[in-house]
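The letter at position 133 of the sequence shown is residue 1207 when you use our numbering, and the numbering goes up by one with no holes.
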Amino acid sequence: MTAASVPLLSCRNVSKQFGALAAVNDLSFDLAAGEMLGIGGPNGAGKTSLFEVISGLNPATAGAVLFEGRDISRLAPEAICHAGIARTFQLNASFERLSVRDNVRVAAYFGRSNRLMPGLRLGRAVDDQVDATLDAVGWRGDRNSLAGQLPVLDRKLLMLAGALATSPKLLLMDEPVGGLNPQEIDAMMEAVRRIASTGIAIILIEHVMRFLVALSPRVLIMHHGEKIYEGPPQGLVKDRQVIDVYLGEGASQRLGAFMGAGA
Ligand SMILES: Nc1ncnc2c1ncn2[C@@H]1O[C@H](COP(=O)(O)OP(=O)(O)OP(=O)(O)O)[C@@H](O)[C@H]1O
Ligand SMILES: [Mg+2]
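In C-alpha cells, the structure reads:
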C-alpha cells in the first residue's frame, strides 16, 4: 500500500463491550483525508460509543483504530488529540464561567503538543489562533460573553470552535444540531461546510436526517452496534432494514422527496 492510499482513519473490527452489552460490534470502515461521513441510527445504536472509542475516552475492547496508518487504540485521549482528532459532545461541554475567547484559548493551548509546562502560559501563537477559529465557525456575537450565558446555538458553535482550536485533521461531531430550530440548523450547516472546505475530515452523528444527507456524500447507519448500511444517502430510502429499524415509512418518503428535490 502506498502512503497516499493509507486512509486517514481506519476502524477495523472494532468492538466496545459494556459487560454483556456490545455497544459497538465488529464495526469496520475507512475515511479518507478531507472526507465527510454521516452516521445515523436509532437511540442506543452505539454511535456515541464509537466516538468514545476513536477519541480514546473509552477504548475498544477488540479491534483496532488506525489513524494515518498508526494504531491509536491504546493511546490516551490527549495523545489522540495531539495526533489530530478532535470532537464535540452530544451535550454541551464548555467552561461556563470563562468567556468565549478564554474557552477557545484553553482549547488552543491544550491542543498543542509542544505547550510549555508547567503553568498556563498563553503565547502569541495561541492567541493568534483564537480569533481565527471563532471566525471559522462564523461567530457573530460578543467574544467576551461568559459561556454559561450563551443561547443554545452559540454554545454549540463554541464547543465546535474549541475542537477546531486544537488544529485537527479529523473532527468528530456528535449531534451538532440536536435541539436547534430550522434557522439555527442552517447556521450550523454553513459552519460545517466552511470547516469541511478547509480540508478537515468530518464524521457527523445526527438524527436530523435532512442535515446529515445534505452534508454527507456517504452515510453509515448503525443498529445494535453493527453497521447495517454504508453508501450514498440516496440508497437509505430504498433500504428495507434502514426503513424498518430507523426511518419508518413516512419519514423515508419525505426524505426521499427532499433528496429528489436536490439536497
Ligand atoms: N458507559 C457505559 N456503560 C454501560 N453502558 C453504556 C455506556 N455507554 C453507553 N452504554 C450503552 O451502550 C449502548 C449504546 O449507547 P450509545 O450512547 O453509544 O448510543 P447512541 O447511538 O449514541 O444513542 P443516542 O442516539 O441516543 O445518542 C446503549 O445501550 C447504552 O445504554
Ligand atoms: Mg449518542
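Quick reminder that beta carbons are idealized off the backbone N, C-alpha and C, glycines included.
Under the DSSP assignment, Lys1243 falls outside any alpha helix (DSSP H); it carries neither an H nor an E label. At a cut-off of 7 Å, the beta-carbon of Gly1115 counts as near ligand 1: some heavy atom of the ligand is closer than that. In this structure the stretch 1229-1247 lies against the stretch 1207-1215, because at least three pairs of beta carbons, one per stretch, are closer than 8 Å. Burial is judged here by how many other beta carbons sit within 10 angstroms of a residue's own beta carbon; Arg1161 has at least 16 and is buried. If you ignore the 5 residues before and after Arg1175, its C-beta comes within less than 7 Å of the C-beta of Val1204, Arg1217, Asn1218, all in its own chain and listed in chain order. The residues Gly1108, in chain order, have a CB closer than 6 Å to that of Gly1273 in the same chain once the five nearest residues on each side in sequence are set aside. Ordered by chain, the residues meeting the criterion of a beta-carbon within less than 7 Å of a non-hydrogen atom of ligand 2 are Lys1121, Thr1122, Gln1164, Asp1248, Glu1249, Ile1279.
Secondary structure at Ser1084: strand, using DSSP grouped into helix, strand and coil. For the pair Asn1087 and His1298, the Cα-to-Cα distance works out to about 15 Å. Across the structure, Val1178 and Gly1114 are spaced so that their CA atoms are roughly 29 Å apart. When secondary structure is reduced to three states using DSSP, His1297 falls in the strand class.
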